[in-house]
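J.:
2 protein chains.
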Amino acid sequence: MEKTRLGGHYLEKYDEELESVRNRVLSMGGLVEEQISNAILALGSGDAKLAEEVMANDMKVNGFEVAIDEQCSQILARHQPAATDLRFLLAVIKTITDLERIGDQAERVARMAIHLAEKDRPKNQYADVVALGERVLKMVHEALDAFARMDVGAAVAVARSDAAVDNDYEAIMRQSITFMMEDPRTISRAMDVIWAIRALERIGDHSRNMCEYVVYLVKGKDVRHISIDQMEEAALGKRAE
Amino acid sequence: MEKTRLGGHYLEKYDEELESVRNRVLSMGGLVEEQISNAILALGSGDAKLAEEVMANDMKVNGFEVAIDEQCSQILARHQPAATDLRFLLAVIKTITDLERIGDQAERVARMAIHLAEKDRPKNQYADVVALGERVLKMVHEALDAFARMDVGAAVAVARSDAAVDNDYEAIMRQSITFMMEDPRTISRAMDVIWAIRALERIGDHSRNMCEYVVYLVKGKDVRHISIDQMEEAALGKRAE
Numbered sequence: 001m002e003k004t005r006l007g008g009h010y011l012e013k014y015d016e017e018l019e020s021v022r023n024r025v026l027s028m029g030g031l032v033e034e035q036i037s038n039a040i041l042a043l044g045s046g047d048a049k050l051a052e053e054v055m056a057n058d059m060k061v062n063g064f065e066v067a068i069d070e071q072c073s074q075i076l077a078r079h080q081p082a083a084t085d086l087r088f089l090l091a092v093i094k095t096i097t098d099l100e101r102i103g104d105q106a107e108r109v110a111r112m113a114i115h116l117a118e119k120d121r122p123k124n125q126y127a128d129v130v131a132l133g134e135r136v137l138k139m140v141h142e143a144l145d146a147f148a149r150m151d152v153g154a155a156v157a158v159a160r161s162d163a164a165v166d167n168d169y170e171a172i173m174r175q176s177i178t179f180m181m182e183d184p185r186t187i188s189r190a191m192d193v194i195w196a197i198r199a200l201e202r203i204g205d206h207s208r209n210m211c212e213y214v215v216y217l218v219k220g221k222d223v224r225h226i227s228i229d230q231m232e233e234a235a236l237g238k239r240a241e
Numbered sequence: 242m243e244k245t246r247l248g249g250h251y252l253e254k255y256d257e258e259l260e261s262v263r264n265r266v267l268s269m270g271g272l273v274e275e276q277i278s279n280a281i282l283a284l285g286s287g288d289a290k291l292a293e294e295v296m297a298n299d300m301k302v303n304g305f306e307v308a309i310d311e312q313c314s315q316i317l318a319r320h321q322p323a324a325t326d327l328r329f330l331l332a333v334i335k336t337i338t339d340l341e342r343i344g345d346q347a348e349r350v351a352r353m354a355i356h357l358a359e360k361d362r363p364k365n366q367y368a369d370v371v372a373l374g375e376r377v378l379k380m381v382h383e384a385l386d387a388f389a390r391m392d393v394g395a396a397v398a399v400a401r402s403d404a405a406v407d408n409d410y411e412a413i414m415r416q417s418i419t420f421m422m423e424d425p426r427t428i429s430r431a432m433d434v435i436w437a438i439r440a441l442e443r444i445g446d447h448s449r450n451m452c453e454y455v456v457y458l459v460k461g462k463d464v465r466h467i468s469i470d471q472m473e474e475a476a477l478g479k480r481a482e
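Read top to bottom, the protein sequences are chains V and E.
Taking the working numbering, the leading residue of the first sequence gets 1, the next gets one more, and so forth.
Taking the working numbering, the leading residue of the second sequence gets 242, the next gets one more, and so forth.
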């Protein structure tokens, strides 16, 4: 990381500590991506064993959250950072909360994959659910990239893509309810699908949160609870088309 | 707040700022409690107008989150607190994230109350959902009390009560699915109930999170991601029966 990026000071040890935090957040992010990827693979292929691995690995995600939180509070106590460094640490503290909750959602998808592996499979092998999963996985990946590169333009683009995720989610939801009404014997399976897509939709929301912290970190502006157009204006200083 | 409680320093202005943060968190908590209370009242009585008020008021909850976050980062930047004061601010930053998400869940319950107000009502007037709502409202209230009094014993007791909420939630869930299977015409109504109880169950989880921050604040121990018995031991230094 360039020194100017985190405040322009030259205390080598301190820089190293901030760099270490940043690397750990990205490692945690990589693990969370792997968890989502395996959960949707397990669901799509009916692989209960892989799903069980995802569930077991969630404690590693939790471990990252605890360790990074501890590291951030130690840096705050020892070095009393200000300006960009302070914003960086506060953004990290929030980012890892969302990453941990994304991990919980991946675990939920894995649990549903185990339920579904025991049931008759539809002809499409849950292709629509897998497609939604891939979409949110891409959001998480790009949100982490925006964080790593402190790229507010990318952050706004990822946040904007959450609307498409919500649309896909609504479409699968409506279809699942239609199936349940047409054939009540499919209710149990449809409910498992509904919980899985709900978890995936929440991952999209958490990715958007992470993008908001990137804007806060780089621009010092809190862009939560505003529309995507307002977020773009605050982040990039231009009105959306 | 006693000065010793927040670090034993005597900088009057600084103390006032910390006290102001604490009061705002409790005001935010009071508003969130009111939101939950009105959402379950609206659901139980079929009062769509009250539910709409809850939905409109969620922006006030969001406003508290943004304002308190800003206040905390200003105090961190200006006063560079250490030890208990630093832990207090970090606990606040996490607490308000959970409070804001509890507000979102209350909004979801209100949205379902609006849907349900348009439909035939069951004989019991959703008494089981309302009872679950009252249980989680009590959890939120007691978690905020534990925070206000920095009472780790109370925090552990609230966290422990989350298991009963989960049991109630599972019971209503199973019953809703049974109703759907018996009479597919009730699917739409049952799904609204399921989303409402899901939101209430999540409020229980967020209340437990807030209790974990109370233990962190008072004891300096991170008790997330461990069992309730381990939490009790860390907080109170005794093994549970």
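For each residue, glycine too, the CB sits at the ideal point set by N, CA and C.
Classify residue 134 of chain V as helix, strand or coil using the three-state DSSP reduction.
T.: Helix at residue 134 of chain V.
J.: So residue 319 of chain E is in the alpha helix (DSSP H); what residue range does that whole segment cover?
T.: Unbroken alpha helix (DSSP H) run through residue 319 of chain E: 289-320.
J.: Drop a sphere of 10 angstroms on the beta-carbon of residue 1 of chain V, count the other beta-carbons inside from all chains shown, and report buried for 16 or more, exposed for fewer.
T.: For residue 1 of chain V, the pLDDT reaches just 44, beneath the cut-off of 50, and the residue's location in the model is therefore unreliable, leaving the point undetermined.
J.: Could you tell me the alpha carbon to alpha carbon distance between residue 5 of chain V and residue 361 of chain E, rounded to whole angstroms?
T.: Bear in mind that the predicted position of residue 5 of chain V carries a pLDDT of just 49, short of 50, making it unreliable; the figure below should be weighed with that in mind. In a straight line, the C-alpha of residue 5 of chain V is about 59 Å away from that of residue 361 of chain E.
J.: Please work out which residues of its chain come closer than 6 Å, Cβ to Cβ, to residue 277 of chain E, disregarding the five sequence neighbours upstream and downstream, and give them in chain order.
T.: 347 and 378
J.: Pick from V:117, V:100 and V:17: whose alpha carbon is nearest that of residue 78 of chain V?
T.: V:17
J.: Can you pull the chain E neighbours of residue 84 of chain V, defined as C-beta to C-beta under 7 Å?
T.: Simply none; closest approach about 11 Å.
J.: Could you give the distance in angstroms between the alpha-carbon of residue 412 of chain E and the alpha-carbon of residue 430 of chain E?
T.: 17 Å
J.: Any beta carbon of chain E sitting closer than 7 Å to that of residue 227 of chain V?
T.: no
J.: Closest by CA to residue 161 of chain V, which one among V:127, V:99 and V:205?
T.: V:205
J.: Buried or exposed, going by whether 16 or more other CB atoms sit within 10 Å of the CB of residue 87 of chain V?
T.: buried
J.: Please report the straight-line C-alpha distance between residue 407 of chain E and residue 233 of chain V, rounded to a whole angstrom.
T.: The straight-line gap from Cα to Cα measures roughly 42 Å.
J.: I'd like the ranges of any alpha helix (DSSP H) spanning at least 4 consecutive residues and lying wholly in the segment 398-445 of chain E.
T.: none
J.: 7 Å is my cut-off, CB to CB: does residue 21 of chain V come that close to chain E?
T.: no
J.: Assign residue 57 of chain V to one of two classes, buried (16 or more other C-beta atoms within 10 Å of its C-beta) or exposed (fewer than that).
T.: buried
J.: Buried or exposed: which applies to residue 390 of chain E, given that a residue is buried once 16 or more other Cβ atoms fall within 10 Å of its Cβ?
T.: Looking at its Cβ environment, which holds fewer than 16 other Cβ atoms inside 10 Å, residue 390 of chain E is exposed.
J.: Give the secondary structure of residue 125 of chain V by DSSP, where H, G and I count as helix, E and B as strand, and everything else as coil.
T.: coil
J.: Can you pull the chain V residues whose beta carbon is under 8 Å from the beta carbon of residue 421 of chain E, in chain order?
T.: 180, 184 and 187
J.: Report the rounded CA-to-CA distance for residue 3 of chain V versus residue 307 of chain E, giving the unit in angstroms.
T.: Unreliable placement is indicated for residue 3 of chain V, whose pLDDT of 47 sits below 50; the coordinate value is still reported in the next sentence. So the alpha carbons of these two residues sit roughly 29 Å apart.
J.: Going along the chain, which residues of its own chain have a beta-carbon closer than 8 Å to the beta-carbon of residue 254 of chain E, five neighbours each way excluded?
T.: none
J.: Less than 7 Å between the beta carbons of residue 289 of chain E and residue 353 of chain E, yes or no?
T.: no
J.: Check for me: the alpha helix (DSSP H) holding residue 44 of chain V runs from which residue to which?
T.: 12-45
J.: Could you tell me whether the Cβ of residue 90 of chain V comes closer than 7 Å to any Cβ of chain E?
T.: Output row for residue 90 of chain V: interface = yes.
J.: Specify, as a first and last residue, the run of the alpha helix (DSSP H) that residue 222 of chain V falls within.
T.: Segment: none, residue 222 of chain V is in no alpha helix (DSSP H) and carries neither H nor E.
J.: Just how far apart, CA to CA, sit residue 93 of chain V and residue 181 of chain V?
T.: Their backbone Cα atoms lie some 44 Å apart in a straight line.
J.: Please name the residue in E:358, E:435 and E:457 whose C-alpha comes closest to that of residue 392 of chain E.
T.: Minimum Cα distance to residue 392 of chain E is reached at E:457.
J.: Distance cutoff 7 Å, beta carbons only. Does residue 317 of chain E sit that close to anything in chain V?
T.: yes
J.: Could you tell me whether the Cβ of residue 307 of chain E comes closer than 7 Å to any Cβ of chain V?
T.: yes
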